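Undergrad:
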Amino acid sequence: MIADYSNLAMVTSVVLYLLAMTAHALEWASARTARVAEPALVSVGAGETAGKPAADAPVATDRPVPSRRVELFGRVGVAITVVAALTHVTGVVLRGIAAGRAPWGNMYEFITTSLAIVAIAYLVLVLRYGMRWLGLPVTLLLTIGQGLAVTVFYVQVSELMPALHSVWFVIHIIAAATAGAAFNIGGIASILYLLRTRAEERGRVRGYLARVPSAEALDRVSYRTLAFAFPLWTFTIAAGAIWAQYAWGRFWGWDPKETMSLVTWIVYAVYLHARATAGWKGRRAAIVAVIGLFSFWFNFVGINLLVSGLHSYAGI
Amino acid sequence: MKNLVAWLRFAWTTLTSMRTALILLAVLGVAAVPGSLLPQRPTNPVGVSDFLKAHPDYGPWLGRLGFFDVFGSAWFAAIYLLLFISLIGCILPRTAVYLRQVRALPDAGPGRLDRLPGFVSGPVTATASDVLADAERYLTEHRYRVRRDAGAVSAERGYLRETGNLVFHICLLTMLIGLGWGSLFSFKGTAIVVEGQAFSNTLTQYDEFGAGAGFSSSQLAPFTVRLNSFDVKFEAGTVQTGAAREFNAHVGVTVPGSPEVQQSLQVNAPLQIGGDSVHLLGHGYAPVVTVRDGNGDVAFSGPVVFLPQDANFASQGVIKVPDGRPERLAFEGIFLPTAVSGGASGMVSAFPDVLNPELLLNVWTGPPKVETGQPESVYSLDRTGLTQLMRDGKPVTVGLAVGANYQLPDGKGSITFDGWKRWTKLQVSNSPGGWLVLGSVMLAVLGMALSLTVKLRRLFVRVTPATITPDETTPAAALRDAGGSSLTAGSSGSVEPTVPEEPARDEPASRRAPDTMTVSVAGLDRADGRGGLTDEVAALAAACGLGVTVTDTNEEEPQ
Ligand code: HEM
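Protein sequences appear in the order of chains P and S. For the first sequence, the positions run 1 to 316 when the numbering used here is used. For the second sequence, the positions run 1 to 559 when the numbering used here is used.
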């Protein structure tokens, strides 16, 4: 009964995310047609220092005054996302109530919970820091992710396997989902950074790319989110190892999922070192961050589907 | 000789450079991937042989290159050993630099402040010492370490950043030491214990046992675990039917010199006995049978451990009756906890719990065996010297429900299926050094959090009598007059201001009165990805009585 309401909420959230994504796509499309004032391109040049907005806010770019249409679509997109996120969180909570436990027992529940955290983190970034330029990629991610969750990964409510009855498991999952949300947002910022630097080099920053912050600011957003996520991910792996010690009597066993978590961790360690190494700053570091995001997703979903190990949970 | 030294020096600096560390890390990450995607011998030997069967062309090559035991392979070890040498070579010099830095005052800063990322300058009506005192107050309040020179204040904060970074990297080392220690002295063994039976912690009682090179059997804590009963619950509903829901082993634990203590052993809740941990790893069924031989004597009676083959616990096993006379007997077959007809083999199990138990066996007979003393697996049958019992040209298949009895043809004996018991697979392990690994990891997380969040920032305030602004082209004489060799155009690096004392002290009284001074405030962040510099420069400028807009040359610099 409650489980049915949860399902309804989840499916509704997919539809709403899709609508929000459409709104942001329209925002982009109208930004494309709106003529972009040339000075937006010059922001890259050194010496162009006077009259800048306080460049500390990650948002700060000198972009042209947006047209009314662009602004309207953008606001509508955010408004729909707020409703979608509320529905989504309701779905997760109801799922937990229906199961009588924390809703982290299988792939479906992990994905829906992690994406709820992504949605909340995104809305905080938009409403507090004005980072609305994340709208299109994030709603795209949420639409695809939630869409796959309710179609491919869906399983009915059931109890937990005995191995999952552990405080450390709960800690492990919360840390993993939060770190995952940050990896996603950092990865999106890195992808945008790569697109934006390419456009800047060609001197053709137009449309959507003209509306995202400068490459430098994108780089900073990416670094800050990943610098937040990395210690948390380290902690996630440590908590998982402690849990494994309780459940299986060994804290590390090179299980495929464990191994891939370590690979993800190493990729982000490479990212942090890359930023501190001449010749690796900027583009190469951003590419490493994108590889890290793929590695994270592959570990999260791919390993469970392709490789069997101790971490193959009930119902995928 | 000289060449060798030069070469070694080159090798060392290359190996310990940040770039090498970066590349080694990347290589380590790439090298670990096949260990995740390919089946690995230590964890999944069946998967490896399946893979070799499926890919006879390149499978053996992967095997030869160590791809089925990546984490035990020489090349993987080479990568992480190089990485850790590089790490040591990186930590040592950095620690030395760090210790020197922590004890020293911040340096005086670059010659020209206007080239720094955050810079502001303007006139203030106050004495130089007042301005600098204000600056100093602001800086100490904001936890900067401050250096006061004539006409200038330099400050730095964020030493904890490097502390955290060093702690993190050192913890990686201590973690490795903990792991190495663990692999030397740890042991891990498993034993199958049937309900009603007991396990004593001695080497002979283990089914499987593995230990590090430094292990000695005196490390095994003396204790006995008796399995009184084992409760299992399986999902009977329509969702995830048959999934395990609860395991609970009721055990009696005896340690020397004290009476038996009743405890409950569950998944995620291991027992801790004398430093060893006892985990519940698996479970299964042991049919209880009574076998009479051709002479009519009971030749075997008791539970026999069968090993589960599928999720519904269809279990395979062998009942050996070496003491049967005139012929010895052996039975080979499966136990089905919930037998239903179906499948190619005729009968399958439909549920993991016992609802309709059935035992299906083939029978083998042969002359009594000469005792060789050779150990033999209890789970497989060595058929040499045995012939399968046939009737009408077909193998005899015994199908027994609980309580049923079967008379073998030709008076060779009989078998009774008395019932069944559960067994549990216990794992006993001890890994010393675990606390060192855990402690290192936790400390590493803290260090990393510090190192990634603490701002590393330097701020500078300089005061010169008015009319001198760094932007103006000022005659050299005026520059000297201002006592600002720090303003010498083009100088780079840190230059000590050469003014011997503060103007306010030795100047005539007329110059002491509040006067119009040019105050320059500037700052820079040493770690990337930080914002807020301009705000802080502005705040410091305001604290010095200056109120102007700040230029920020760093934020939009090209890559
Ligand atoms: C086992 C291998 C290594 C791992 C996993 C690793 C990991 C990390 C991580 C995660 C960071 C960022 C967090 C922090 O700043 O504390 C970092 C920073 C740093 N690492 Fe390593 N590291 C390793 C080896 C090395 C080596 C061999 C060197 C020296 C060549 C080195 C030099 C540095 C430096 C200088 C930083 C600071 C970068 C900055 O200022 O942002 N690391 N390392």
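Each residue gets a CB set at the ideal place from its N, CA and C atoms; glycine is no exception. For clarity, every value in this text was computed on a predicted model and none was experimentally measured.
Please look up how many angstroms separate the CB atoms of P:F183 and P:L293, rounded, as I've assumed it's under 8 Å.
TA: Taking the first sequence and counting its residues from 1, the one referred to as residue 183 of chain P is at position 183. Taking the first sequence and counting its residues from 1, the one referred to as residue 293 of chain P is at position 293. Indeed they touch by this definition, with Cβ atoms about 6 Å apart.
Undergrad: Enumerate, from N- to C-terminal direction, the unbroken alpha helix (DSSP H) stretches of 4 or more residues contained entirely within the segment 46 to 83 of chain S.
TA: 59 to 64
Undergrad: Would you say P:G96 lies against chain S (beta-carbon separation less than 9 Å)?
TA: Within the first sequence, numbered from 1, the residue matching residue 96 of chain P stands at position 96. Not an interface residue.
Undergrad: Just to confirm, is the Cβ distance from P:T225 to P:A189 under 9 Å?
TA: On the first sequence, position 225 is the one that residue 225 of chain P refers to. On the first sequence, position 189 is the one that residue 189 of chain P refers to. Yes, the Cβ-Cβ distance between P:T225 and P:A189 is below 9 Å.
Undergrad: Once you ignore the five residues that flank P:V118 on each side, which residues in its own chain have a CB closer than 6 Å to its CB?
TA: Indexing the first sequence from 1 puts residue 118 of chain P at position 118. Excluding sequence neighbours, P:V118 sits near A181, N184.
Undergrad: To the nearest angstrom, report how far apart S:T338 and S:V232 are at their CA atoms.
TA: Residue 338 of chain S sits at position 338 when you count from the first residue of the second sequence. Residue 232 of chain S sits at position 232 when you count from the first residue of the second sequence. Going by the C-alpha atoms only, they are around 15 Å apart.
Undergrad: Would you check if there are 3 or more beta carbon pairs closer than 8 Å linking the segment 312 to 325 of chain S to the segment 274 to 294 of chain S?
TA: yes
Undergrad: Considering only the beta carbon of each residue, do S:F215 and S:L184 sit closer than 9 Å?
TA: As a first step, residue 215 of chain S must be located in the second sequence, where it is residue number 215. As a first step, residue 184 of chain S must be located in the second sequence, where it is residue number 184. Against a cut-off of 9 Å, the Cβ pair of S:L184 and S:F215 comes out as a contact.
Undergrad: Out of S:F460, S:R292, S:D276, S:V402, which has the shortest C-alpha to C-alpha gap to S:L336?
TA: Here residue 336 of chain S is taken as the residue at index 336 of the second sequence, counted from 1. Ranking the options by Cα distance to S:L336, first place goes to S:V402.
Undergrad: Buried or exposed: which applies to S:V97, given that a residue is buried once 16 or more other Cβ atoms fall within 10 Å of its Cβ?
TA: In the second sequence, the residue the question calls residue 97 of chain S occupies position 97. That one is exposed.
Undergrad: Would you call the segment 145 to 154 of chain S and the segment 408 to 426 of chain S touching, i.e. three or more CB-CB distances under 8 Å?
TA: no
Undergrad: Quick check: is the beta carbon of P:M260 nearer than 9 Å to any beta carbon in chain S?
TA: For this step, residue 260 of chain P is matched to residue 260 along the first sequence. So, interface residue.
Undergrad: Roughly how many angstroms separate the alpha carbons of S:H55 and S:L62, rounded to a whole number?
TA: Locating residue 55 of chain S in the second sequence gives position 55, counting from the first residue. Locating residue 62 of chain S in the second sequence gives position 62, counting from the first residue. Looking at the two C-alpha atoms, the distance is approximately 10 Å.
Undergrad: Smallest Cα separation from S:L28: which of S:T14, S:Y80, S:V261, S:F300?
TA: Position 28 of the second sequence, counted from the start, is the residue given in the question as residue 28 of chain S. Of the listed residues, the one whose Cα sits closest to S:L28 is S:Y80.
Undergrad: Run down chain S in chain order and give the residues with a C-beta less than 8 Å from the C-beta of P:S166.
TA: Reading the first sequence from its first residue, position 166 is the one you call residue 166 of chain P. The contacting residues are N268.
Undergrad: P:L318 CB to nearest chain S CB: under 9 Å?
TA: Nothing can be reported for residue 318 of chain P: it is not among the residues displayed for chain P, which extend from 1 to 316.
Undergrad: How would you label S:F10, buried or exposed, when you count the other beta carbons within 10 angstroms and need 16 or more for buried?
TA: What you label residue 10 of chain S is simply residue 10 of the second sequence in a count that begins at 1. It counts as exposed.
Undergrad: Does S:N405 pass the burial test, meaning 16 or more other C-beta atoms within 10 Å, or should it be called exposed?
TA: Numbered from its first residue, the second sequence carries residue 405 of chain S at position 405. S:N405 should be labelled exposed.
Undergrad: Got a sec: is the Cβ-Cβ distance from P:L209 to anything in chain S below 9 Å?
TA: Stepping through the first sequence from its first residue, residue 209 of chain P is reached at position 209. P:L209 does not count as touching chain S.
Undergrad: Which of helix, strand or coil does DSSP assign to S:W423?
TA: For the purposes of this step, residue 423 of chain S is taken as the residue at position 423 of the second sequence. Reduced to three states, the DSSP call for S:W423 is strand.
Undergrad: Quick one: Cα of S:P106 to Cα of P:A285, how far?
TA: Position 106 of the second sequence, counting from 1, holds the residue named residue 106 of chain S. Position 285 of the first sequence, counting from 1, holds the residue named residue 285 of chain P. When rounded, the distance between both Cα atoms is 31 Å.
Undergrad: Is DSSP giving S:T202 helix, strand or coil here?
TA: The residue labelled residue 202 of chain S in the question sits at position 202 within the second sequence. It is coil, neither helix nor strand.
Undergrad: Looking at the unbroken alpha helix (DSSP H) that takes in P:A79, where does it start and where does it end?
TA: Here residue 79 of chain P corresponds to residue number 79 of the first sequence, with the count starting at 1. That run of the alpha helix (DSSP H) goes 68 to 99.
Undergrad: With DSSP as the reference, label P:P39 as helix, strand or coil.
TA: By 1-based counting over the first sequence, the position of residue 39 of chain P is 39. At P:P39, the pLDDT of 39 sits below 50, so the modelled position is not reliable; the number obtained from the coordinates is stated separately. DSSP places P:P39 in helix when its eight states are reduced to three.
Undergrad: Can you tell me the Cα-Cα spacing of P:P256 and P:R132, whole angstroms?
TA: As a working note, residue 256 of chain P is residue 256 in the first sequence. As a working note, residue 132 of chain P is residue 132 in the first sequence. Rounded to whole angstroms, P:P256 to P:R132 spans 37 Å at the Cα level.
Undergrad: Using alpha carbons as the reference points, say which of P:A121, P:V155, P:A116, P:Q156 lies closest to P:T143.
TA: Position 143 of the first sequence holds residue 143 of chain P. For the residues P:A121, P:V155, P:A116, P:Q156, the minimum Cα distance to P:T143 belongs to P:A116.
Undergrad: Please state whether DSSP places S:S154 in a helix, a strand or coil.
TA: What you label residue 154 of chain S is simply residue 154 of the second sequence in a count that begins at 1. In this structure, S:S154 counts as strand in the three-state DSSP scheme.
Undergrad: Residues of chain S with CB closer than 7 Å to the CB of P:G253, please, in chain order.
TA: For the purposes of this step, residue 253 of chain P is taken as the residue at position 253 of the first sequence. Here the neighbours are T43.
Undergrad: Determine, for S:V33, whether the minimum Cβ-Cβ distance to residues of chain P falls below 9 Å.
TA: Here the question's residue 33 of chain S lines up with position 33 in the second sequence. Closer than 9 Å to some Cβ of chain P, the Cβ of S:V33 qualifies, so yes.
Undergrad: Just to confirm before moving on: does the CB-CB distance between S:G252 and S:V261 stay below 9 Å?
TA: For the purposes of this step, residue 252 of chain S is taken as residue 252 along the second sequence, with counting starting at 1. For the purposes of this step, residue 261 of chain S is taken as residue 261 along the second sequence, with counting starting at 1. Yes; because the gap between Cβ atoms is below 9 Å, this pair is in contact.
Undergrad: Mind checking if P:V263 is an interface residue toward chain S, Cβ cutoff 9 Å exclusive?
TA: Stepping through the first sequence from its first residue, residue 263 of chain P is reached at position 263. For P:V263, the answer is yes, since a Cβ of chain S falls inside 9 Å of its Cβ.
Undergrad: With DSSP run on the structure shown, which of helix, strand or coil describes S:G109?
TA: Start at 1 with the first residue of the second sequence, and residue 109 of chain S comes out as number 109. Reduced to three states, the DSSP call for S:G109 is coil.
Undergrad: State the Cα-Cα distance for the pair S:L22 and S:L166, rounded to the nearest angstrom.
TA: The sequence position of residue 22 of chain S within the second sequence is 22, counting from 1. The sequence position of residue 166 of chain S within the second sequence is 166, counting from 1. The straight-line gap from Cα to Cα measures roughly 17 Å.
Undergrad: Where do the N-terminal and C-terminal ends of the alpha helix (DSSP H) with S:W364 fall, by residue?
TA: Your numbering for residue 364 of chain S matches position 364 in the second sequence. Unbroken run through S:W364 is the beta strand (DSSP E), 358 to 366; no alpha helix (DSSP H).
Undergrad: Taking Cβ-Cβ distances shorter than 8 Å, what residues in chain S pair up with P:F230?
TA: Translated into positions along the first sequence, residue 230 of chain P becomes position 230. Near P:F230 (Cβ distances below 8 Å), the residues of chain S are M448, L452.
Undergrad: Between the C-alpha atoms of P:A175 and P:G135, what's the straight-line distance to the nearest angstrom?
TA: As a position in the first sequence, residue 175 of chain P is number 175, starting the count at 1. As a position in the first sequence, residue 135 of chain P is number 135, starting the count at 1. Using only the alpha carbons, I get a separation of about 24 Å.
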